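*Asks:*
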Amino acid sequence: RKEVEQDPGPFNVPEGATVAFNCTYSNSASQSFFWYRQDCRKEPKLLMSVYSSGNEDGRFTAQLNRASQYISLLIRDSKLSDSATYLCVVNPRGATGFQKLVFGTGTRLLVSP
Amino acid sequence: DGGITQSPKYLFRKEGQNVTLSCEQNLNHDAMYWYRQDPGQGLRLIYYSQIVNDFQKGDIAEGYSVSREKKESFPLTVTSAQKNPTAFYLCASRAGGLWPQHFGDGTRLSIL
Numbered sequence: 007r008k009e010v011e012q013d014p015g016p017f018n019v020p021e022g023a024t025v026a027f028n029c030t031y032s033n034s035a036s037q038s039f040f041w042y043r044q045d046c047r048k049e050p051k052l053l054m055s056v057y058s059s060g061n062e063d064g065r066f067t068a069q070l071n072r073a074s075q076y077i078s079l080l081i082r083d084s085k086l087s088d089s090a091t092y093l094c095v096v097n098p099r100g101a102t103g104f105q106k107l108v109f110g111t112g113t114r115l116l117v118s119p
Numbered sequence: 005d006g007g008i009t010q011s012p013k014y015l016f017r018k019e020g021q022n023v024t025l026s027c028e029q030n031l032n033h034d035a036m037y038w039y040r041q042d043p044g045q046g047l048r049l050i051y052y053s054q055i056v057n058d059f060q061k062g063d064i065a066e067g068y069s070v071s072r073e074k075k076e077s078f079p080l081t082v083t084s085a086q087k088n089p090t091a092f093y094l095c096a097s098r099a100g101g102l103w104p105q106h107f108g109d110g111t112r113l114s115i116l
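These protein sequence lines map, in sequence, to chains A and B.
Heads up: the first sequence begins at 7 in the numbering used here, then just goes up one per residue.
Heads up: the second sequence begins at 5 in the numbering used here, then just goes up one per residue.
1. Can you give the Cα-Cα distance for residue 105 of chain B and residue 19 of chain B, rounded to whole angstroms?
2. Applying the criterion that 16 or more other CB atoms from any shown protein chain within 10 Å of the CB defines a buried residue, is residue 106 of chain A buried or exposed?
3. Which chain B residues are close to residue 49 of chain A, counting only those with a beta carbon under 7 Å from its beta carbon?
4. Cα separation between residue 59 of chain A and residue 20 of chain A?
5. To the nearest angstrom, how far is it from the Cα of residue 81 of chain B to the Cα of residue 10 of chain B?
6. From the DSSP output, in three-state form, read off residue 86 of chain A for me.
7. Pull the bridge partners of residue 53 of chain A from the DSSP assignment, please.
8. Below 7 Å CB to CB, which residues in the same chain sit around residue 97 of chain A once its five sequence neighbours on both sides are set aside?
9. Give me the chain B residues within the contact set of residue 30 of chain A, using Cβ-Cβ distance strictly less than 8 Å, ordered along the chain.
10. Tell me the rounded alpha-carbon separation between residue 114 of chain A and residue 11 of chain A.
11. Enumerated in chain order, which unbroken segments of the beta strand (DSSP E) with a length of 3 residues or greater are wholly contained in the region 9-82 of chain A?
12. How would you list, in chain order, the residues of chain B whose beta-carbon sits under 8 Å from the beta-carbon of residue 110 of chain A?
13. Would you kindly report the start and end of the unbroken beta strand (DSSP E) that includes residue 94 of chain B?
14. Comparing the C-beta of residue 52 of chain B with each C-beta of chain A, is any distance below 7 Å?
15. For residue 24 of chain A, I'd like the list of residues in its chain whose CB is within less than 6 Å of its CB, leaving aside the five on either flank, ordered along the chain.
16. If we define contact as Cβ-Cβ less than 7 Å, is residue 49 of chain B a contact residue for chain A?
17. With 8 Å as the C-beta to C-beta threshold (strictly closer), list the residues of the region 22-37 of chain B near chain A in chain order.
18. Counting only C-beta atoms, is residue 66 of chain A closer than 7 Å to chain B at any point?
19. Inspect the beta-carbon positions of residue 76 of chain A and residue 30 of chain A and report whether they are closer than 7 Å.
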């Protein structure tokens, strides 16, 4: 089983739609979680961190479900500019040190007019 | 402005040649990372460094080498032993612990 798994998509949605992605992780000791956005031929950029209590930033909401070992990203009122690949990132070994983060392969979102 | 600077943006390698990709950060982060991304694929870790003068191999270290002589700098050399070097190379740094990584804007390496 992969450490971090994402549905590659693409998710094709019309403007204004609500879309949600899930990401599962295998290490129950994982402590920190992030969503990144990557545009075509660009570097990944941090979208938001995922806290145990959930996190909301404008149209974006991230949630963590430790019992089922997944994190989710909800995008409301999709814009054309939301079209990108969304990467799920997990710190698999906890809060200490600088252990390597594990990146999912990404979920592609296409928002159409 | 604080950030991570990668150079060059585009690089071409001849057969049998070693090339070095530069990565500099002024974020005062201890940890630095090098990734490779092939078209339509995810990120693969090449090397990472948690502290000056120390680094560890990632998942695909063969054909690459790094150094970490200064906290700010983590250059990557793509050696002639790397037979398929064409890819998008990304450098990242991190403050550690629970913090996320921040990426430079990448170097595209191609074979001439």
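C-beta: ideal position from N, C-alpha, C; glycine also.
Note that the structure is a prediction, hence the values are computed from the model and not measured.
*Replies:* On the basis of the coordinates in this document:
1. The sequence position of residue 105 of chain B within the second sequence is 101, counting from 1. The sequence position of residue 19 of chain B within the second sequence is 15, counting from 1. So the alpha carbons of these two residues sit roughly 33 Å apart.
2. The residue you call residue 106 of chain A lines up with position 100 of the first sequence. Buried is the call here.
3. The residue you call residue 49 of chain A lines up with position 43 of the first sequence. Chain B residues near residue 49 of chain A: 94, 107, 108, 109, 110.
4. In the first sequence, residue 59 of chain A corresponds to position 53, counting from 1. In the first sequence, residue 20 of chain A corresponds to position 14, counting from 1. Distance between the alpha carbons of residue 59 of chain A and residue 20 of chain A: 30 Å.
5. Walking along the second sequence from the start, residue 81 of chain B turns up at place 77. Walking along the second sequence from the start, residue 10 of chain B turns up at place 6. Their Cα atoms are separated by approximately 13 Å.
6. Indexing the first sequence from 1 puts residue 86 of chain A at position 80. Here residue 86 of chain A sits in helix by DSSP.
7. Counting from 1 along the first sequence, the entry for residue 53 of chain A is found at position 47. Beta-bridge pairing links residue 53 of chain A to no other residue.
8. Counted from its first residue, the first sequence places residue 97 of chain A at position 91. These residues qualify, in order along the chain: 36, 37, 38, 105, 107.
9. Start at 1 with the first residue of the first sequence, and residue 30 of chain A comes out as number 24. Those do not exist, as residue 30 of chain A stays about 15 Å from chain B at its closest Cβ, beyond 8 Å.
10. Your numbering for residue 114 of chain A matches position 108 in the first sequence. Your numbering for residue 11 of chain A matches position 5 in the first sequence. Rounded to the nearest angstrom, the two C-alpha atoms are 13 Å apart.
11. 10-12, 17-20, 25-31, 38-44, 51-56, 61-63, 66-71, 76-81
12. Start at 1 with the first residue of the first sequence, and residue 110 of chain A comes out as number 104. Under the 8 Å cutoff, chain B gives 46.
13. Taking the first residue of the second sequence as 1, we reach residue 94 of chain B at position 90. Residue 94 of chain B -> beta strand (DSSP E) spans 91-98.
14. What you label residue 52 of chain B is simply residue 48 of the second sequence in a count that begins at 1. Yes, its Cβ sits closer than 7 Å to a Cβ of chain A.
15. Here residue 24 of chain A is taken as the residue at index 18 of the first sequence, counted from 1. Taken in chain order, the residues that qualify are 82.
16. Start at 1 with the first residue of the second sequence, and residue 49 of chain B comes out as number 45. It does: the Cβ of residue 49 of chain B has a partner Cβ on chain A nearer than 7 Å.
17. 34, 35, 37
18. Taking the first sequence and counting its residues from 1, one reaches residue 66 of chain A at position 60. Not one chain B Cβ lies under 7 Å of residue 66 of chain A.
19. On the first sequence, position 70 is the one that residue 76 of chain A refers to. On the first sequence, position 24 is the one that residue 30 of chain A refers to. The answer is yes: Cβ separation under 7 Å.
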